[in-house]
Each structure stands twice: as structure tokens, then as C-alpha cells.
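What follows is a single structure, written as C-alpha cells, with notes after it.
Residue numbers (UniProt numbering): 1 to 300.
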């Protein structure tokens, strides 16, 4: 059984704690934001008793908890008495950076709801000073971008040595039904020859081999696939380098039944062969009159 790993994320308001916990969540930690410190020892015990289900936990506890946050010292004492190891990650930034971030987001400081932001920051530093001195890892985000903070946390706290692979979803759709709202890349293939106008293919999906062969029999399709695959192969490592964890490639035709389905399947096969973590969805096939689909696809 893996050793239980508890990380308590705390620090200055506006310094980037919420983003940090999002990173921990992306790399496989069970995360809770704004947990009252008094609950941390009991929660840690429950996780340990749960066995393999929850072995890596990251919790945010900060002054948003109000009077509950004052129990942090007692919480840490209880964790030691229970022989539960933990790490404190303290995230901070300069006063100037914090003031700028608060002004950009137009938020009020939790310790200065009716006064100047700088006064809230000063009071918060005083209240957190003792906890900061107990921190195992202090991160100053004054000059860090979100990407740099993510890279720093992944390097130090990644559960496995291997880099988490970006998850890719290829989605076919019909423009007349609207574009997928979560699409990162949208490819319009309505310029390709349309099987809809061939009577024997009209009610067969793009997963039917005969329809696929028809679409791919044209030189324009082969040229398009060559350029499209090359572009995606170029983009993927650059997206990963940027820290992107999910990517949705949407492929659209008029109804989402023939050309988009065929090309989505081609992209899925291409990425699968290159070892990419990829899945495929055909959003709009059955919004059309489908009389024949590929074997194993009888409808939804």
C-alpha cells in the first residue's frame, strides 16, 4: 500500500492557492478547498482507513475560514499525535502583486471588506507568520505565471515519475446542430465530397466502410488528411509543453453523419497509432436518419 500523503496548502489570499489545488487535482490528488482545520485530522483518519481509495490528499485551509482557521495549531498538533505525516505548502506574493491581483479581479480582501486592500494584506501576514515559519515549502508567485507554478508543483509532487499524458477527445458534429462548446480545435470538412448526394450512401453513416472509402477516394481528401495530421502532430507536443491536460478536436460537416464522422475516425486512428491517449465521440449521428452503421454500432 502507498504511504498516505497529506498536503496542507495555505498562504496569502490572492497568491494562487486555488490554482495550486487545481494542479494537485490534475495530477491525481483528492482535493478540498477551504476546509476548516478542525476537520483535517478526522478527515485524514478516514482517508487512511479507506485503504487504497484515497492515498494522496491536498487541502486548502486559509483565513477565509474565519475563526475556524484559528484552530490550525491544534490541528497540526493532533496530526502529530495521530502519527499522520503532512507537508505545509505556503503560497505567497509581494504586497504589490497581491494588490494588483485584487484590483484586476475587483474582489475584496477577506480581512478588509470595508477598508483598503493593503490593510487586509498587512493583517493577514501577521496572522500567518507563525504558520509560515512551519511551512515545508514556500512558493513566491510574484513573478510566476500559472504555467510556471504548475510545472513547479508537478516536478515536486507528481505521484508517478512519468509525465501525465494529455487526454484527447475527437468529436464529430453537425454544424446545423451547433458547435461543441468545449472544442479547442474546430475543423470544418464541408468542402469534402458529400455522400449524402449519393443515393446508396444517404442513410449510411461515415463509419460504414463503403461510405468511408467513397470520401477518401478523392485526392482532396488525401491532401487534407496529410496536412491536417501534420498540423495536429505539430500542435500536440506544444500544447503539452504549455501544460494543457485535455484537448477536444471537433470535426464538423453539415449534419454530423458522413464526412465529419469519417474524418474523426481517421484522426482517431492516426492518434491511436502514435500512442496518444485518445477517445472518440460522434455527437450527432443519430440526429439523422441512419439506416446502416458500422458493425457494433446499432444506435444509441
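Ideal placement from N, C-alpha and C gives every residue a C-beta, glycine not left out.
{"Query": "May I ask which residues mark the beginning and end of the beta strand (DSSP E) holding residue 111?", "Result": "Unbroken run through residue 111: none, as it is neither H nor E."}
{"Query": "Is the distance from the Cβ of residue 120 to the Cβ of residue 260 below 8 Å?", "Result": "no"}
{"Query": "Can you list, in chain order, the residues of its chain whose CB lies under 6 Å from that of residue 161, leaving out five sequence neighbours each side?", "Result": "Residue placement at residue 161 cannot be trusted, given a pLDDT of 46 that sits under 50; the coordinates are not used to answer."}
{"Query": "Could you give the distance in angstroms between the alpha-carbon of residue 256 and the alpha-carbon of residue 194?", "Result": "11 Å"}
{"Query": "Among 177, 45, 105, which residue has its Cα nearest to the Cα of residue 285?", "Result": "177"}
{"Query": "State buried or exposed for residue 108, treating a residue as buried only when at least 16 other CB atoms are found within 10 Å of its CB.", "Result": "exposed"}
{"Query": "So, is the C-beta of residue 27 closer than 8 Å to a C-beta in chain D?", "Result": "Looking for chain D here will not work: only one protein chain is present."}
{"Query": "Using 8 Å for Cβ pairs, my map puts residue 88 next to residue 136. What's the rounded Cβ distance?", "Result": "5 Å"}
{"Query": "Taking only the alpha-carbon atoms, compute the straight-line gap between residue 100 and residue 115 and give it to the nearest angstrom.", "Result": "16 Å"}
{"Query": "What do you get for residue 150, buried or exposed, if any count of 16 or more other CB atoms within 10 angstroms of its CB means buried?", "Result": "buried"}
{"Query": "Closest to residue 249 by C-alpha separation, out of 113, 221, 278, 224, would be which residue?", "Result": "278"}
{"Query": "Only counting the same chain, and skipping five residues up and downstream in sequence, which positions put a Cβ closer than 6 Å to that of residue 23?", "Result": "150, 153"}
{"Query": "Which one or two residues does DSSP pair with residue 172 in a beta bridge?", "Result": "251, 282"}
{"Query": "If you check the beta carbons only, do residue 253 and residue 190 fall under 8 Å apart?", "Result": "yes"}
{"Query": "Alpha carbon to alpha carbon, what distance is there between residue 9 and residue 226?", "Result": "47 Å"}
{"Query": "Tell me the rounded alpha-carbon separation between residue 44 and residue 134.", "Result": "19 Å"}
{"Query": "Taking the alpha-carbon positions, what's the residue 69 to residue 35 distance?", "Result": "9 Å"}
{"Query": "Shortest alpha-carbon distance to residue 125 belongs to which of 31, 192, 93, 187?", "Result": "93"}
{"Query": "Among 196, 276, 63, whose alpha-carbon lies nearest the alpha-carbon of residue 131?", "Result": "63"}
{"Query": "To the nearest angstrom, report how far apart residue 144 and residue 230 are at their CA atoms.", "Result": "33 Å"}
{"Query": "Would you mind stating whether residue 171 and residue 180 have Cβ atoms separated by less than 8 Å?", "Result": "yes"}
{"Query": "Can you give me the start and stop residues for the beta strand (DSSP E) that residue 10 sits inside?", "Result": "5 to 11"}
{"Query": "Once you ignore the five residues that flank residue 218 on each side, which residues in its own chain have a CB closer than 8 Å to its CB?", "Result": "192, 193"}
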